[in-house]
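Enquirer: Let me give you the structure first, and then I'll get to my questions.
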Amino acid sequence: MSIASQIIRIKETLPEQVRLIAVSKFHSVEAIQEAYDAGQRVFGENRVQELLGKYPQLPATVEWHFIGHLQVNKAKYIVPFIDTVQSVDSMKLLDELNRCAAKARCRIKVLLQIHIAREEHKFGFSFAEAEELLKSNFSETWTNLTICGLMGMATFTDDPDNIRKEFTSLQAFFVRLKQSCLAENTDFKELSMGMSDDYLLAIEAGSTMVRIGSKIFGARTTVMSSTAKKDFTRKTPGQTHLNLY
């Protein structure tokens, strides 16, 4: 089945309020262009080097989302063209993104990544840390950032009840924030949950964004930059599943 056909098929399963983020990491520029030609405009990448190689080769109207762990010292490379960083997992990264955005005279949308999985090596704020941050005067502290919502990754497991429980806990936290400290904040409206194997569970739990790769582009190929390929092979076995979009 073609990429275009897969996109149509997936979008038929999405409620109107849910946006599709096509996860294009480790896939070729040609594959991304095919998805773009089929009407897909929002793409997610999780490696800075790979994104920098693809960005100049694709239409300027692509909306790029960064969805992987972003090292603070690499933030400056993507700030000039990134639309949204979905994986903000530390105060240091918030500070650096804000500094770089001010220098580039732009504004960036961000989601706070919340740690909801059982795997300790996954990144993210705890519920308590995120709530404390969002109760602060964050709009005055990070003047070049718009905090638009939360992002979470469920445990890599075949147990749908466990996945559903983790998604539901994040959705409940999101709603509680909306009803309390963010009741008057109209920007805070996105809840990014769900990947290729669990996005339907995420939608049931209230996700507004789903991050889908393999169901659109097929299995990972070796068509990537040599740098990205080297980075991928350096991953430890315990981290490999982080790329199962």
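The sequence shown begins at 1 in the UniProt record's numbering and counts up by one. Using N, Cα and C, we set each Cβ at its ideal position, and we do this for glycine too. The model shown is predicted, which means the values in this text are computed figures rather than measured ones.
With 16 other CB atoms within 10 Å as the buried threshold, where does M195 fall?
Expert: Burial call: buried.
Enquirer: Rounded to whole angstroms, how far is the Cβ of N144 from the Cβ of A102, which I believe are closer than 8 Å?
Expert: 5 Å
Enquirer: Between A154 and A117, how many whole angstroms is the CB-CB distance? I'm expecting something under 8 Å.
Expert: Contact holds; Cβ gap of about 6 Å.
Enquirer: Apply the 10 Å Cβ neighbour rule to T84 and answer buried if 16 or more other Cβ atoms are within range, or exposed otherwise.
Expert: With 16 or more other Cβ atoms within 10 Å, it is buried.
Enquirer: Measuring only the C-alpha atoms, how far is K178 from S169?
Expert: 14 Å
Enquirer: Please classify K189: does DSSP put it in a helix, a strand, or coil?
Expert: coil
Enquirer: Could you give the first and the last residue of the continuous alpha helix (DSSP H) run that contains L97?
Expert: M91 to A104
Enquirer: Grab me the residues of R220's own chain with a C-beta within less than 7 Å of its C-beta, minus the 5 sequence neighbours each way, in chain order.
Expert: F26.
Enquirer: How big is the Cα-Cα spacing for I7 and I32?
Expert: 12 Å
Enquirer: What did DSSP end up calling I147 once you bin it into helix, strand or coil?
Expert: strand
Enquirer: Going by DSSP, which residues form a beta bridge with V42?
Expert: E63
Enquirer: Whole angstroms are fine: how far does the CA of T13 sit from the CA of V72?
Expert: 36 Å
Enquirer: Check L20 in the structure and name its three-state DSSP category.
Expert: strand
Enquirer: Would you identify the three-state DSSP class for V223, choosing helix, strand or coil?
Expert: Only weak support exists for where V223 lies, its pLDDT of 43 falling under 50; the value from the coordinates is given anyway. It is coil, neither helix nor strand.
Enquirer: Considering only C-alpha positions, which residue in the set L70, I78 and A38 is nearest to K54?
Expert: I78
Enquirer: DSSP on Q86, reduced to helix/strand/coil?
Expert: Strand at Q86.
Enquirer: Please classify Q17 as buried or exposed, where buried requires at least 16 other C-beta atoms within 10 Å of its C-beta.
Expert: Exposed, because fewer than 16 other Cβ atoms sit within 10 Å of the Cβ of Q17.
Enquirer: Is there a C-beta anywhere in chain C that falls below 8 Å from the one on K122?
Expert: The structure shown contains no chain C, having only a single protein chain.
Enquirer: Using a threshold of 8 Å, state whether the C-beta atoms of D89 and T146 are closer than that.
Expert: no
Enquirer: Between I114 and the rest of its own chain, which residues show a CB-CB distance below 8 Å, the 5 nearest in sequence each way excluded?
Expert: G124, F125, S126, F127, A130, L150, M151, G152, L170 and F173
Enquirer: Between the Cα of L111 and those of S192, K92 and S28, spot the shortest distance and give me the residue it belongs to.
Expert: Ranked by how close their Cα comes to the Cα of L111, the residues S192, K92 and S28 have S192 in first place.
Enquirer: Who are the Cβ neighbours of P160 in its own chain at under 8 Å, not counting the five residues just before and after it?
Expert: D198 and L201
Enquirer: On the DSSP bridge assignment, give the partners of V110 in chain order.
Expert: V85 and I147
Enquirer: Given a cut-off of 8 Å on the beta-carbon distance, is the pair S24 and G44 in contact?
Expert: The Cβ atoms of S24 and G44 sit closer than 8 Å to each other.
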